[in-house]
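Residue numbers (the numbering used here), protein chains in the order written: chain L, 6 to 311; chain V, 6 to 311; chain F, 5 to 287; chain D, 5 to 287. From the three backbone atoms N, C-alpha and C, an ideal C-beta is built for every residue, glycine too. These numbers come from a predicted model, not from an experiment.
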Ligand SMILES: Cc1cc2nc3c(=O)[nH]c(=O)nc-3n(C[C@H](O)[C@H](O)[C@H](O)COP(=O)(O)OP(=O)(O)OC[C@H]3O[C@@H](n4cnc5c(N)ncnc54)[C@H](O)[C@@H]3O)c2cc1C
Ligand SMILES: Cc1cc2nc3c(=O)[nH]c(=O)nc-3n(C[C@H](O)[C@H](O)[C@H](O)COP(=O)(O)OP(=O)(O)OC[C@H]3O[C@@H](n4cnc5c(N)ncnc54)[C@H](O)[C@@H]3O)c2cc1C
Ligand SMILES: Cc1cc2nc3c(=O)[nH]c(=O)nc-3n(C[C@H](O)[C@H](O)[C@H](O)COP(=O)(O)O)c2cc1C
Ligand SMILES: Cc1cc2nc3c(=O)[nH]c(=O)nc-3n(C[C@H](O)[C@H](O)[C@H](O)COP(=O)(O)O)c2cc1C
Ligand code: FES
Ligand code: FES
């Protein structure tokens, strides 16, 4: 089935255009392998930081209407421990492994980046956009200067492609994107979750233990799509990885048309299982054939043509 | 049924806590009357500017999954013509009429505000947050300095309460809110629609004639709720009117618990009809009784208590 | 349920399968659409002409095999563009929207029914006569159709078939076919002679207004389909307001009582695209 | 359909209606929940203790009148809090989640069934024995239950009722009731004497591991319910991973083939809250 589903991006080749989004099933090598076997073109790991974090107490997930609100709190074993998992993943799969990293300072990012790269990561994704952990994510991904500093530090530390995962919770996403690209980012992942909250009327309390969380899934699709569209408009030559609410092949095509070179899938896995990759691949393939396009590349950004 | 559903806000009294949101059925006095008869505590008019605008060519509305994406383009007859409608509304209804106004400069806003007030508006809502018309809305509501200037100009021109309708498309909504309140805003309406886009895969084109639009309805509920929660946290003494995705009484209660003193309803009218006001009023009333609260005021912001 | 309704009526695309030229200015377009296949006579759809406009059109026919037809008069940019389209080209559809014509509550084979169509307004009435009245099997069916001149008389073949056991009255302004004059003239004559269980009309608003006044005078039950500028089609934007009603959601079909409530606007004023009222020339 | 699934399993609140003390450390909580009323034996729910935690619990019973019960052992903060709650207090529920125990494919009244429960793990097995095996009406049903000491033997009343025509074997570490020792001892004896059409187990992982090894040796079909740290409960967060499986979605019930694939982790290692692996003491 490969053939025309291949995409290239920031020097990497992906047999299939859909990757596993960060934070979803991304702890263990075996699950990543399963996702790859199900048709993912790459996996992005759970976001890893310098030190281990347990994350927040449950509830960490709220199933909202047509979407999910989560505040996991970046649980991760810390990079020292995770390097073993990275090596294990590289033994098991031959598709690209993108390690997602986060930190509280440019130095943090650089150290984690270096270790992840040394252990075998094919690319890094900088999570500068987690909307519910203080002093990382939001604070970094919402300030062009800080973002620029972080990207530069990471680029100086590694020789593999660096993706920057943008936050949709900003006034102008293209400003942040510009800062990232000027600092050397090789591609942009758009986007992380939207700031949200869930309140229970019986107890009159917020549901998540962290109170505030991030919305993912179908509810955010047309917002994420707009981010990709705006990015493609302003930065036509920067590779974009679309993410947010993709749950079927039609959604995937919309993201390509908006300007995404590849996409990531998270929440849909909860409902469709890892098999969602296979189903989406098939749908994209049929669409391309029916419309007589020879590759995904041919439809990237096509909705911008007037 | 009135009794415990009364809310007071910025010196105004509303018999019922749900208002008609701006831009929805807000052209003619007769429809506004109908909405009031259906149980709305107030109506907010369609946003009116200095000069008439025809708005955009159709499609102006896209029915997305669990929400609506619109780019009407602020069609309005211009304030000179609209003052007649304002007078007519005031003859027909005795509930508050809030006139929504927009402009391209502080002067514009002040002129329109003065005329609307003179014609009989009980309050004004400044639309500084329309996400798809250039040089108004977004540009004003996303910049604290410009916003402050506009609010000051309007406050200087009129003696009636001034609400500021905030955009969710900003990095930190509380910053803008602060600017508005410091400039004299009497209440905050949170929020307008979220930046979004709809793309059709068959034609490979954006659907709306304006290409980009704003998302409303259930898909945005937990995002709007978070805006209200954040505002209540930072500005505990400023009245807040919650808006975005309310479609049943449970949603309404969630907004009160998050910190809204009153709410607005738009998109739900498309599915439930104006009768949605009555249904929601009833639900709120039963909730208050069951939980033995004596008024809506008692539950405003309750989710913040630890 | 709210969510399902929204999702259910999202825009979908389909291809034009067949185009029939009905008159120099009217064409019928046939395409597949599952949701509109369930439409009832009087309902309308929103038709998207990609890159151009999205316009409301009455459903002319909906068959069980999922084929839908709409009959369109070229009057401006959108309709002209549609007229220039070819089979296999893509259009978008939302709907069916609005309420529908309802049969009178009478015993089967008892009803005396009158239908009055003007221009493409005849389309939904034909749909009604063919399928919407099946439950009551009218005893007698009279159809009045009007046009400026003979070659603008629409759907004559269908009309003859339907009125095999009924009565067909045509009017043309220039007398090239049937009664010379307008539809209200034969209507007045009929109403002075017989009583109807239901009268249905669709056509230019000024015609509807005259028919309404005539039926009021004779205390006869009317259901009239109205047209207004439409944008959302789902009762939200207020563009189609007439009196306290939204034509897209509370209508497009209105009965005598409702028509009486809006008689100050019917055939008299309209909302402009900017929401202000314009008074139409003939009052 | 995706959307409906999400919406359908959103958190709802309910009130505790009844609390039964089963043993010094175990209580059964009964409450109403429409969705969980459709649960099948082996499935679990996520129970929210407002302000404290949300934890996975096996469904002990689900009746047609919508009453659900869960049987909970106080082991830490969340379970202790739950034990301190009173009737009429509010809890939140999501679920039912996960797969379920399946009856063997045999002719009615032919099956020879074995169930092995440890601690609260006996609860879902009772649910299975009472309702999940109805379609096959087992010829013979043997239940082995184990506990440290007599007063920690759970659900004895239910067990006696169910095993009226079957066989009940109890084990206690201190010999205060039944066989002195652990459940694997009578199991080994049984397996050397008879063949079973299905063996079901739920209990401490180390017990499950031993039972798995024993059934493998005798080539007997096992379905075992596993426990892992759970957060989302819907197969997304990866907290409950064992091998390539998500216990919350691909499990909690696993068969011999699957257990064999994960034997390097079963009873040996677990994911910590931070996602790293810990090796448990007994291997
Ligand atoms: C419920 C409903 C059902 C309709 N059914 C049919 C039908 O079956 N066949 C058919 O040919 N036409 C029908 N129409 C009218 C059709 O929608 C308009 O002719 C069309 O929108 C005009 O678009 P245009 O760009 O070609 O013309 P424009 O250039 O926009 O205008 C040409 C003329 O049409 C009028 N008009 C423009 N837009 C609308 C509109 N949205 N609604 C009503 N009038 C409008 C203008 O006032 C002007 O007089 C219906 C209208 C409604 C509201
Ligand atoms: C599918 C499934 C079904 C279960 N069914 C039942 C049941 O019917 N009755 C019952 O009493 N218990 C059941 N459990 C175990 C129950 O969820 C834990 O006992 C509970 O979460 C412990 O919470 P705590 O805060 O009281 O203890 P903690 O203070 O969190 O921990 C106490 C001990 O329990 C373990 N533990 C903590 N959290 C979990 C968790 N989420 N999953 C598993 N073990 C955990 C810890 O490793 C520790 O050893 C089930 C677990 C799973 C995964
Ligand atoms: C449970 C969960 C955990 C997540 N954890 C992370 C994370 O650790 N790092 C990150 O960059 N994004 C994280 N995300 C965001 C996703 O990678 C993705 O950007 C978002 O969910 C939108 O995509 P989706 O709608 O396909 O899920 C998480 C999302 C979910 C639902
Ligand atoms: C068709 C439509 C038109 C709108 N027009 C306006 C407008 O003119 N001025 C304004 O301030 N908000 C406008 N809005 C935004 C609504 O007032 C409201 O903020 C938003 O729709 C969220 O609420 P809802 O989910 O209840 O619709 C419009 C919304 C819709 C759907
Ligand atoms: S067309 Fe929008 S309300 Fe009727
Ligand atoms: S608990 Fe989240 S994947 Fe199983």
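V:114 is the residue among V:114, V:125, V:272 and V:29 whose C-alpha sits nearest the C-alpha of residue 153 of chain V. Looking at V:246, V:264 and V:78, the one whose alpha-carbon comes closest to that of residue 48 of chain V is V:246. Looking only at L:67, L:74 and L:32, the smallest Cα-Cα distance to residue 219 of chain L is reached by L:74. Annotation for residue 47 of chain L: the continuous beta strand (DSSP E) segment containing it runs 47 to 49. For residue 135 of chain F and residue 37 of chain F, the gap between their C-alpha atoms comes out near 18 Å.
Beyond the five residues adjoining it in sequence on each side, residue 108 of chain V comes within less than 7 Å, by CB distance, of 54, 55, 114, 117 and 141 in the same chain, given in chain order.
Burial is judged here by how many other beta carbons sit within 10 angstroms of a residue's own beta carbon; residue 188 of chain F has at least 16 and is buried. Judged by the Cβ position, residue 244 of chain F qualifies as a neighbour of ligand 5 at the 6 Å threshold, a heavy atom of the ligand being closer than this. When secondary structure is reduced to three states using DSSP, residue 227 of chain F falls in the strand class. Of all residues in the stretch 94 to 108 of chain V, none has a C-beta nearer than 8 Å to a C-beta of chain F. Between residue 30 of chain L and residue 307 of chain L, the alpha-carbon positions lie close to 32 Å from each other.
For residue 238 of chain F, at least one C-beta of chain V is nearer than 7 Å to its own C-beta. For the stretch 32 to 46 of chain V, the set of residues with a beta-carbon nearer than 8 Å to any beta-carbon of chain F comprises 32, 33, 35, 36, 38 and 39, in chain order. Not a single heavy atom of ligand 3 lies less than 6 Å from the C-beta of residue 236 of chain V. Within the stretch 46 to 57 of chain F, those residues whose Cβ lies closer than 9 Å to any Cβ of chain V are, in chain order, 50, 52, 54, 55, 56 and 57. In this structure the stretch 231 to 245 of chain V lies against the stretch 260 to 274 of chain V, because at least three pairs of beta carbons, one per stretch, are closer than 8 Å.
The three-state secondary structure of residue 89 of chain F, taken from DSSP, is coil.
Looking at the DSSP output, residue 211 of chain L sits in a beta bridge with L:204. Using beta-carbon distances, residue 187 of chain V does not count as an interface residue toward chain L, since no partner is under 7 Å.
In chain V, no part has a C-beta under 8 Å from the C-beta of residue 282 of chain F; the shortest such distance is about 11 Å. Interface residue (Cβ-Cβ distance to chain D less than 7 Å): residue 79 of chain L is not classified as such.
Going by DSSP, residue 267 of chain L is part of the beta strand (DSSP E) stretching over 267 to 270. Boundaries of the beta strand (DSSP E) harbouring residue 204 of chain D: 202 to 206, taken from the DSSP string. With a cutoff of 6 Å, residue 163 of chain V does not count as near ligand 2, since its C-beta is closer than that to no heavy atom of the ligand.
Between residue 182 of chain D and residue 175 of chain D, the C-beta gap is smaller than 7 Å, which places the two residues in contact. Against chain L, the beta carbon of residue 244 of chain D has no neighbour under 8 Å; the closest one sits roughly 10 Å away. Relative to ligand 3, the beta carbon of residue 201 of chain V is positioned no closer than 6 Å to any heavy atom.
Residue 130 of chain L carries a strand assignment under DSSP once its states are collapsed to helix, strand and coil. According to the DSSP assignment, residue 189 of chain F belongs to no beta strand (DSSP E) but to the alpha helix (DSSP H) extending over 188 to 197. Cβ proximity to chain F below 9 Å picks out 252 and 253 from the stretch 233 to 253 of chain V.
In the three-state DSSP reduction, residue 21 of chain L falls in the coil class, being neither helix nor strand. Exclusion of residue 117 of chain D from the 6 Å shell around ligand 3 follows from its C-beta lying no nearer than that to any non-hydrogen atom of the ligand. Residues of chain V with a Cβ closer than 7 Å to the Cβ of residue 277 of chain F are, in chain order, 59, 60 and 80.
Per DSSP, residue 58 of chain F is not a residue of any alpha helix (DSSP H); the beta strand (DSSP E) it occupies stretches across 57 to 62. Residue 13 of chain V carries a strand assignment under DSSP once its states are collapsed to helix, strand and coil. For residue 105 of chain V, the pairing in a beta bridge is given by DSSP as V:130.
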